[in-house]
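The listed protein sequences correspond, in order, to chains V and Y. Everything in the first sequence is counted per my numbering, starting at 6 for the first residue and increasing by one. Everything in the second sequence is counted per my numbering, starting at 706 for the first residue and increasing by one.
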Amino acid sequence: MLLKPLKQETLAPKLLSGLTKGVFSGRLGQARSSLAFCRVRGILNAGRWVLRNARRLGPNTMSTTIEQYLGDKANDLLNFNHPKIPKSRLHLPGPDFVERIFGPSDRNNRVLVNLERIYSHGRLGRTGYVSILPVDQGIEHSAGASFAKNPDYFDAENIVRLAIEGGCNAVASTFGALGIVARKYAGKIPFLVKINHNELLTCPNKFDQKMFGTIKQAADMGAAAVGATIYFGSDESGRQIVEVGHGALVLPAQPRVQEGQGLPCLGGPHRTGQPPRGHHPGGLDQTEAPGE
Amino acid sequence: MIKQKLPENNGGYAALNSGDASYGKFDKRIYSELASDHPIDLCRYQVANCYMGRLGLINSGGASGKNDMAEAVATAVINKRAGGTGLITGRKAFQCPMREGIELLNAVQDVYLAKEVTVA
Chain V
6 MLLKPLKQET LAPKLLSGLT KGVFSGRLGQ ARSSLAFCRV RGILNAGRWV LRNARRLGPN
66 TMSTTIEQYL GDKANDLLNF NHPKIPKSRL HLPGPDFVER IFGPSDRNNR VLVNLERIYS
126 HGRLGRTGYV SILPVDQGIE HSAGASFAKN PDYFDAENIV RLAIEGGCNA VASTFGALGI
186 VARKYAGKIP FLVKINHNEL LTCPNKFDQK MFGTIKQAAD MGAAAVGATI YFGSDESGRQ
246 IVEVGHGALV LPAQPRVQEG QGLPCLGGPH RTGQPPRGHH PGGLDQTEAP GE
Chain Y
706 MIKQKLPENN GGYAALNSGD ASYGKFDKRI YSELASDHPI DLCRYQVANC YMGRLGLINS
766 GGASGKNDMA EAVATAVINK RAGGTGLITG RKAFQCPMRE GIELLNAVQD VYLAKEVTVA
């Protein structure tokens with residue numbers, strides 16, 4: 006794991022404040038001077054303890070780093086505990102998620118197998134959580150717009166390598182980017198093929214998601230899932246909903262992809278109302294394993 | 706699985722149903738009893754709309770900017786504490802040297818691995 010190296014100077018204050026508080030509350034009956042003494046002694050002891058245990062403080066290290074990244078928002082985000090909808094109403098992620106949630110569903114066995122592939126892979130494997138690297142390029146928008154900051158990623162292999170070395174559950178990209186390295190990598194990390202895209206080469210720009218391939222093509226390259234976007238609220242959302250709902254229609258020559266290729270679908274609405282001109286609208290993307 | 710951006714605005718239904726205007730189907734309790742303005746509540750409302758979590762909600766990371774690591778970690782904390790399933794992080798991870806991209810992906814994953822970051 007590529008954890009941040011432990012920084013004692015950043016770790017110590019949190020532990021110290023916690024331990025000092027403990028010392029204080031345990032000595033409340035004593036005189037003020039002895040309280041002060043205990044406090045000093047507590048700090049010293051805590052400091053020694055930190056130094057002694059520095060190497061095996063993984064979780065504390067992580068949480069301290071998270072707090073540091075959150076900065077001013079740390080308390081608000083980490084301690085918020087009165088949600089309007091209680092968590093007892095939710096189906097929460099866990100190692101048994103696929104079996105618990107999709108076991109009773111209508112998803113076929115190939116879909117379940119592919120879902121398990123995604124949920125089992127990477128640093129978050131078998132936690133019920135997923136981390137996915139997505140990269141759009143090509144007709145969606147030019148590669149240069151995405152990769153000017155790091156031209157390494159013009160080469161699609163480096164996208165897949167980043168997902169693998171970054172410990173992701175899956176890599177999501179286009180038919181072109183994933184297909185060109187599929188035989189080498191489809192067995193090394195689950196592929197999630199984005200099957201529809203906006204097309205930003207036309208001037209003025211359009212905001213419409215069109216199918217660029219079929220679920221069968223995705224299954225044939227060994228993908229574990231397909232992804233699709235719907236711009237809810239756009240003029241074309243009705244057609245997009247039908248296309249995605251049918252599990253990938255429609256390059257004209259291929260009237261309707263057979264269902265049951267066994268790929269889950271990840272999808273999402275970009276829910277923005279009418280997409281604003283001149284800027285990429287947020288959408289909802291749906292990912293499901295093919296076969297749904 | 707469903708992917709959405711974290712909510713940025715709130716109150717859209719109320720705004721579109723103000724005065725004589727009518728939009729969709731609207732119940733005021735959406736904003737009073739089912740969600741607040743807190744980002745974790747807003748994300749939980751997304752989770753609730755995924756059949757109360759049966760379909761995993763993953764949030765997207767947004768464009769690359771100056772505070773990518775902090776923003777990505779915050780998004781992960783909000784998603785996890787709301788009951789979400791993870792993050793799909795692109796531009797923040799690939800619009801930088803690969804080593805930094807790996808660190809960012811790992812930092813996001815650490816949020817989900819950290820037992821102290823609980824579901825609210």
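Glycine included, each C-beta is placed from N, C-alpha and C at the ideal position.
Under the criterion of beta carbons closer than 8 Å, Leu95/V and Phe799/Y do not qualify as touching, at roughly 32 Å. In the displayed model, Cys270/V falls within a strand according to three-state DSSP. Under DSSP, the beta-bridge partners assigned to Leu138/V are Val176/V. Here the C-alpha atom of Ala229/V lies approximately 16 Å from the C-alpha atom of Val140/V. Between Arg122/V and Pro195/V, the C-beta gap is smaller than 8 Å, which places the two residues in contact. Judged by DSSP secondary structure, Leu792/Y falls outside any alpha helix (DSSP H) and instead within the beta strand (DSSP E) spanning Gly791 to Ile793.
Residues of the same chain with a CB within less than 8 Å of the CB of Leu809/Y, apart from the 5 flanking positions on each side, are Asp773, Met774, Ala777, Thr794, Lys797, Ala798 and Cys801 in chain order. If you check the CB distance, Leu97/V and Ile137/V do not come in under 8 Å.
DSSP places Met216/V in the strand class (E or B) of the three-state scheme.
Scanning its chain for C-beta atoms nearer than 6 Å, with the 5 sequence neighbours on each side dropped, one finds around Gly761/Y the residues Met706 and Thr790, in chain order. Partner residues in the beta bridge of Asn201/V, as assigned by DSSP, are Met216/V. Take Gly172/V, set aside five residues on each side of it, and the residues of its chain with a beta-carbon closer than 6 Å to its own are Gly127 and Arg128, in chain order. Between Ala153/V and Ala182/V a beta carbon distance of about 17 Å is seen, past the 8 Å cut, so the two are scored as non-contacting.
Close to Phe237/V, with beta-carbon spacing below 7 Å, lies no residue of chain Y; the smallest spacing is near 10 Å. CA-CA distance, Pro109/V to Asp157/V, rounds to 44 Å. With respect to Asn764/Y, Leu711/Y sits close: the two C-beta atoms are nearer than 8 Å. Taking 8 Å as the upper bound for CB-CB distance, Leu792/Y and Ala781/Y are in contact here, some 5 Å apart. Taking C-beta atoms under 8 Å as the contact rule, Ile200/V and Met216/V qualify, at a distance of about 6 Å. The CB of Ile137/V comes closer than 8 Å to the CB of Ile763, Gly791, Leu792, Ile793 and Thr794 in chain Y, given here in chain order. Each residue's CA atom was taken as its position, placing Tyr728/Y and Tyr134/V some 35 Å apart. In the DSSP assignment, Gln709/Y forms a beta bridge with Asn764/Y.
In the three-state scheme derived from DSSP, where H, G and I count as helix and E and B as strand, Ile164/V is classed as helix.
In terms of beta-carbon proximity, Gly192/V stays away from the interface with chain Y, with every pair separated by 8 Å or more. The beta carbon of Gln222/V sits closer than 6 Å to no other beta carbon from its chain once the five residues preceding and following it are set aside.
At a cut-off of 8 Å, the C-beta of Phe212/V has no neighbouring C-beta in chain Y. Beyond the five residues adjoining it in sequence on each side, Lys733/Y comes within less than 8 Å, by CB distance, of Ala719 in the same chain, given in chain order. Residue nearest to Glu738/Y within the set Tyr74/V, Gly130/V and His87/V is His87/V (criterion: CA-CA distance). What Ile745/Y touches in chain V, judged by beta-carbon distance under 8 Å, is Leu82, Phe85 and Pro88, going in chain order. Using a Cβ-Cβ cut-off of 9 Å, Asp157/V is close to Phe799, Pro802 and Met803 of chain Y, given in chain order. Nearest to Ala768/Y by alpha-carbon distance, out of Val165/V, Gly184/V, Ser151/V and Asp111/V, is Ser151/V. Neighbourhood of Arg94/V in chain Y, by CB distance below 8 Å: Ala753 and Met757, in chain order.
Beta-bridge partners of Phe196/V (DSSP): Val176/V.
The shortest CA-to-CA distance from Ser239/V to any of Val186/V, Thr179/V and Asp213/V is the one to Asp213/V.
Distance from the CA of Ile246/V to the CA of Thr69/V, rounded to the nearest whole angstrom, comes to 43 Å. Gly788/Y is classed as buried because its beta carbon has at least 16 other beta carbons within 10 Å across all chains shown.
Neighbours of Pro98/V in chain Y, taken as residues whose beta carbon is under 7 Å from its own, are Gly761 and Thr790 in chain order.
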